[in-house]
Amino acid sequence: MITGLSRPHCDHTQAWQLLRQHRDGQFAGFDLRRAFQHEPARFETHSQQAPHVFADLSKNLVDEHARSLLLELARECMLERHRDLMFAGAPVNNTEGRAVKHWLLRVPRGASADPDAAEVHETLDAMLDCAASVRADEAITDVVNIGIGGSDLGPQMAVAALEAFAIPGKRFHFVSNVDGHELAAVLRTLRPASTLFLIASKTFTTLETMTNARSARAWFEAEGGRDVARHFVALTTNTQAAAEFGIRTTFGFRDWVGGRYSMWSSIGLPIAIAIGPENFRALLAGAHAMDRHFATAPLAANLPVRLGLLDIWNRNFLGQPSRSIAPYHSALRRLPAYLQQLEMESNGKRVDAQGRPLSVQTSPVLWGEPGTNGQHAYFQMLHQGTDTVPVEFIAVRQAAHGLPGHHAQLLANALAQAQALMQGRPDAGGHRDFPGNRPSSFFILDRLDPASLGAFIAMQEHRVFTSGSIWGIDSFDQWGVELGKVLAQDIVPRLATGEVQGLDASTAGLLARLR
Ligand SMILES: O=P(O)(O)OC[C@H]1O[C@H](O)[C@H](O)[C@@H](O)[C@@H]1O
Numbered sequence: 001m002i003t004g005l006s007r008p009h010c011d012h013t014q015a016w017q018l019l020r021q022h023r024d025g026q027f028a029g030f031d032l033r034r035a036f037q038h039e040p041a042r043f044e045t046h047s048q049q050a051p052h053v054f055a056d057l058s059k060n061l062v063d064e065h066a067r068s069l070l071l072e073l074a075r076e077c078m079l080e081r082h083r084d085l086m087f088a089g090a091p092v093n094n095t096e097g098r099a100v101k102h103w104l105l106r107v108p109r110g111a112s113a114d115p116d117a118a119e120v121h122e123t124l125d126a127m128l129d130c131a132a133s134v135r136a137d138e139a140i141t142d143v144v145n146i147g148i149g150g151s152d153l154g155p156q157m158a159v160a161a162l163e164a165f166a167i168p169g170k171r172f173h174f175v176s177n178v179d180g181h182e183l184a185a186v187l188r189t190l191r192p193a194s195t196l197f198l199i200a201s202k203t204f205t206t207l208e209t210m211t212n213a214r215s216a217r218a219w220f221e222a223e224g225g226r227d228v229a230r231h232f233v234a235l236t237t238n239t240q241a242a243a244e245f246g247i248r249t250t251f252g253f254r255d256w257v258g259g260r261y262s263m264w265s266s267i268g269l270p271i272a273i274a275i276g277p278e279n280f281r282a283l284l285a286g287a288h289a290m291d292r293h294f295a296t297a298p299l300a301a302n303l304p305v306r307l308g309l310l311d312i313w314n315r316n317f318l319g320q321p322s323r324s325i326a327p328y329h330s331a332l333r334r335l336p337a338y339l340q341q342l343e344m345e346s347n348g349k350r351v352d353a354q355g356r357p358l359s360v361q362t363s364p365v366l367w368g369e370p371g372t373n374g375q376h377a378y379f380q381m382l383h384q385g386t387d388t389v390p391v392e393f394i395a396v397r398q399a400a401h402g403l404p405g406h407h408a409q410l411l412a413n414a415l416a417q418a419q420a421l422m423q424g425r426p427d428a429g430g431h432r433d434f435p436g437n438r439p440s441s442f443f444i445l446d447r448l449d450p451a452s453l454g455a456f457i458a459m460q461e462h463r464v465f466t467s468g469s470i471w472g473i474d475s476f477d478q479w480g481v482e483l484g485k486v487l488a489q490d491i492v493p494r495l496a497t498g499e500v501q502g503l504d505a506s507t508a509g510l511l512a513r514l515r
């Protein structure tokens, strides 16, 4: 139960029933092409400027009436109250009894009365001082982040996205997998004296990360590395475990930062080393601007809310099982993977926050690749397959390179794909027929810089909050990752002994072949 807030199940509201009736009645047979003909202001009404991000939602299979019923749904589900509780520091992560305050990491100094605000700024200052000294240290040429999930995807995504701002002369590596091939391939390229290892783990117990950290330290010592304390830094809430590992420099954060919401905390150190303290503060400022927008803009003009409600419409009323992410910028190559964790780990739940089964579907499957690559691979299915998949195009107005011709081609392709999905092209049926009427959203950033990236990612976080809130689930736990971890620990010794007793026949048969 969310601190005194009792909310109805979304499908028990009046708005839900009206949305259903609308879908089956007046909305049935909706056609985007006709909608644009009949609504001269459709682009304006279905688009939204938010801090650093412009979003055109007009090419979605949605009409004005559905939009106003979705806003009604948000009211009936007490979305604003729930949002305000998060920003008030209430334990909205109720299954873990924790507050959800990643937004506090982005609040400017002195602008919050939250009791943890002072500590946030103390840690941020110390972490950015560390980033500055690593940047100034020419002896360090390689920074290796060892972490997984939220301790990997955010920093990896952001370091790639902001490569145009990265310090020259330093290389950044991200090792996440327990598969030794990954670490071994990175270590082959390194020398201990010029390497800084960042051991990033909220819990400092994650098997993959601890295995890689131990192997990295063993390699460091075996290769003649001296001064582990200087070459290993920990980013964690578990400072004691980091000290026991032998690490002297640790930057902490609190348990009210979820792993997939942690790139703004000390987990962001690799980003800060890459882009510098000032740019890291700009990243936080961009995210904070979006936080304020989410916290204060009326629901009808609130971009994360509009996106989250559209997600509900697409998933629960139009039955769309997935969403394709198409960033038309190669620096956003890790964005789909980052958003997969954000959406699917947050909202991939089948019970409500009180543990009661839900009777509605939740998280869609997210997938994607940068454009234009995806066009030459799976866009066939988007244009002519049997399923309707909303596509999210992300375009950046200004390029960060000077090669002539490329950027216009890139932008033209993004626009043309969205256009083609919607317009289609009739043919005499058969193979060359494009049915059209296929949905997409289109995001524009002016430049891919720290502030716009921060705002864009915060927008995604709050959009996930919005749909999770309507579904009534706890978007901030992840119990579903536990079972496999436990079973793996039962299997490890069996791989050595061959003992299969108690295993199902398939697992036993596979284990025998893998030994
Ligand atoms: O940062 P850590 O504690 O090492 O956790 C790393 C990751 O692993 C867990 O299994 C969770 O699924 C993720 O939410 C988390 O980000």
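Just so you know, UniProt numbering puts the end of the sequence shown at 515, numbered straight through with nothing missing.
Ideal Cβ placement from N, Cα and C applies to all residues, glycine included.
Straight-line CA distance for residue i to residue j?
i	j	result
residue 247	residue 314	48 Å
residue 378	residue 433	17 Å
residue 2	residue 289	Low local confidence applies: a pLDDT of 48 at residue 2 is under 50, so the model's placement there is unreliable, with the coordinate-based value given in what follows. Straight-line Cα distance between these residues: approximately 26 Å.
residue 22	residue 418	26 Å
residue 117	residue 287	16 Å
residue 60	residue 193	54 Å
residue 218	residue 254	29 Å
residue 171	residue 197	12 Å
residue 237	residue 120	13 Å
residue 91	residue 115	15 Å
residue 102	residue 220	34 Å
residue 113	residue 346	28 Å
residue 135	residue 199	18 Å
residue 158	residue 278	15 Å
Go through its chain and collect everything with a Cβ distance to residue i's Cβ below 6 Å, but skip five positions before and after it.
i	result
residue 87	295
residue 178	208, 211
residue 232	197, 247
residue 182	175
According to DSSP, simplified to helix, strand and coil, what is residue i?
i	result
residue 457	helix
residue 428	coil
residue 369	coil
residue 394	strand
residue 497	helix
residue 110	coil
residue 207	helix
residue 261	helix
residue 176	coil
residue 507	helix
residue 49	strand
residue 302	coil
residue 200	strand
residue 249	strand
residue 439	coil
residue 378	coil
residue 311	helix
residue 516	Because the chain here runs from 1 to 515, residue 516 falls outside it and cannot be looked at.
residue 339	helix
residue 5	strand
How many whole angstroms separate the CB atoms of residue i and residue j, which I take to be in contact at a CB cut-off of 8 Å?
i	j	result
residue 365	residue 322	4 Å
residue 472	residue 10	6 Å
residue 455	residue 51	5 Å
residue 414	residue 328	4 Å
residue 15	residue 69	5 Å
residue 495	residue 514	7 Å
residue 153	residue 310	Contact flag wrong, Cβ pair sits at about 24 Å.
Can you name, in chain order, every residue of its own chain whose Cβ lies under 7 Å from the Cβ of residue i, other than the five neighbours on each side?
i	result
residue 5	78, 81, 82, 85
residue 163	331
residue 444	54, 395, 397
residue 336	325, 366, 367, 368, 369
residue 304	294, 459, 462, 463, 466
With a threshold of 8 Å on Cβ separation, who are the neighbours of residue i within its own chain once the five nearest residues in sequence on each side are excluded?
i	result
residue 280	128, 131, 268, 271, 272, 450
residue 169	138, 141
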